[in-house]
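When the count follows the UniProt record's numbering, it moves up by one through the sequence shown with no breaks and lands on 119 for the last residue. Here a beta-carbon is modelled for each residue, glycine too, at the ideal position from N, C-alpha and C.
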Amino acid sequence: MAVGCSATGEKPRRARKIKEQRKEQLLDALEHLLEKKPLRDLGVEEIAEAAGIARSRFYYKSRHEALAALLRRIADEVLDSYALPDSWFSAVPEGRPRVAQSHFRAHVGSVAEAWRGGS
1 MAVGCSATGE KPRRARKIKE QRKEQLLDAL EHLLEKKPLR DLGVEEIAEA AGIARSRFYY
61 KSRHEALAAL LRRIADEVLD SYALPDSWFS AVPEGRPRVA QSHFRAHVGS VAEAWRGGS
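The structure is reproduced here in structure tokens:
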């Protein structure tokens with residue numbers, strides 16, 4: 001057993017939870033900063049500072065990797081908005097997945113355009 005760890009693994013579990021919370025803080029900060037300026041004008045230090053986290057705790061390899069994680073989070077939120085109870089699936093038109101995919105692409109496209117500094 002490692003020094004400082006209980007037999008139940010409490011410290012590693014808590015450390016993972018804290019790391020996940022920090023990652024969410026970083027993504028929240030990145031999303032907020034992207035409302036003000038494009039990614040090309042943001043640095044890792046600025047994102048970490050906006051999240052209230054030390055630069056050494058920036059868990060992504062780059063700002064681009066953080067952006068990819070943010071886009072995955074947004075994609076999950078958009079796709080979750082299309083979630084239907086199992087009992088409804090028989091009533092979903094055959095083209096429904098394409099409609100959801102089309103809406104998702106339009107949403108991501110508009111978000112990307114806004115982040116690039118468009119209207």
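If I measure Cβ to Cβ from L27 and keep anything under 8 Å in the same chain, skipping five residues before and after, which residues do I get? Taken in chain order, the residues that qualify are A66, A69, L70, R73.
Would you say the segment 103 to 114 touches the segment 56 to 66, given that touching needs at least three Cβ pairs under 8 Å? No, because fewer than three Cβ pairs between the segment 103 to 114 and the segment 56 to 66 fall closer than 8 Å, the two stretches do not touch.
Rounded to a whole number of angstroms, what is the C-alpha to C-alpha distance between S87 and H32? Since pLDDT at S87 reaches only 44, below the 50 mark, its modelled position is unreliable, and the value read off the structure follows with that caveat. Within the model, the alpha-carbon separation for S87 versus H32 is close to 38 Å.
CB contact flag (R14, I53, <7 Å): For the 7 Å CB-CB criterion, R14 and I53 do not form a contact.
Output needed for L30: all residues of its chain with C-beta closer than 6 Å, excluding positions within five of it in sequence on either side, in chain order. Excluding residues within five positions, the ones whose Cβ falls inside 6 Å are I47, A66, L70.
Tell me the rounded alpha-carbon separation between L34 and I18. Taking the Cα positions, L34 is about 24 Å away from I18.
Do you know offhand how far E10's Cα is from A50's? Approximately 30 Å between the Cα atoms of the pair.
Secondary structure at A2, three-state DSSP: helix, strand or coil? Confidence in A2 is poor, its pLDDT being 48 and thus under 50, which makes the residue's placement too unreliable to answer from.
Let me confirm a value: M1 is counted as buried when at least 16 other C-beta atoms fall within 10 Å, else exposed. Which label applies? Unreliable placement is indicated for M1, whose pLDDT of 44 sits below 50; no coordinate value is reported for it.
At which residue ranges does the segment 34 to 78 contain complete alpha helix (DSSP H) runs of 4 or more residues, listed in the order of the chain? Those alpha helix (DSSP H) runs which fall completely within the segment 34 to 78 and span 4+ residues are 44 to 51.
Mind checking L79: buried by the 16 CB within 10 Å criterion, or exposed? Burial call: exposed.
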